[in-house]
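Residue numbers (the working numbering): 1476 to 1651.
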């Protein structure tokens, strides 16, 4: 099933990343505080961001869905990203990352709810998210978006930007 590439919420645009977004993505992906709880390494060079954009293209080609940029509806500015990483035709991992300037304003919840609303269009039946256990803000966002506690991962998960490195992550589940 093919999805459109742009959606809107009350304050946001969710859209497929393009190569011209390199600078906007790099701006949040290089911030050590923003990436502290991410499962991917902080971007230290623009080539890291280019690799993400290539991965995004590959996801969209394979699954007709994938990463989405979170953009301000009024200005078009890139605030962060969300989307889906498919593990099968009916199951995907989701999450979000938001530039520090936009924290505490409800954008993460709005973006993730908007992303989840797209799941049926993509044929997804269930979605999950992993979260570092020391990230209460993200735990709360997942709860507000209707995820339920799925326990801990069986194996340690890599958090390359966190001082503790790999830990058992919290798993959150959502049936659609």
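C-beta atoms are modelled at their ideal positions from N, C-alpha and C, and glycine is treated no differently.
Is DSSP giving residue 1560 helix, strand or coil here?
strand
With distances taken from CA atoms, which of 1551, 1645, 1590, 1496 is nearest residue 1514?
1645
Assign residue 1534 to one of three DSSP states: helix, strand, or coil.
helix
Taking the alpha-carbon positions, what's the residue 1574 to residue 1613 distance?
14 Å
When we look at the beta-carbon of residue 1509 and count the other beta-carbons within 10 Å, is it buried (16 or more) or exposed?
buried
For residue 1604, which of helix, strand or coil comes out of DSSP?
strand
Starting from the C-beta of residue 1569, find all residues in its chain whose C-beta is less than 8 Å away, skip the five residues before and the five after it, and write them out in chain order.
1557, 1558, 1559, 1560, 1587, 1590, 1591, 1602, 1603, 1604
Can you determine whether any heavy atom of the ligand MN sits closer than 7 Å to the C-beta of residue 1557, and answer yes or no?
As far as ligands go, the structure on display features none, and thus does not contain the ligand MN.
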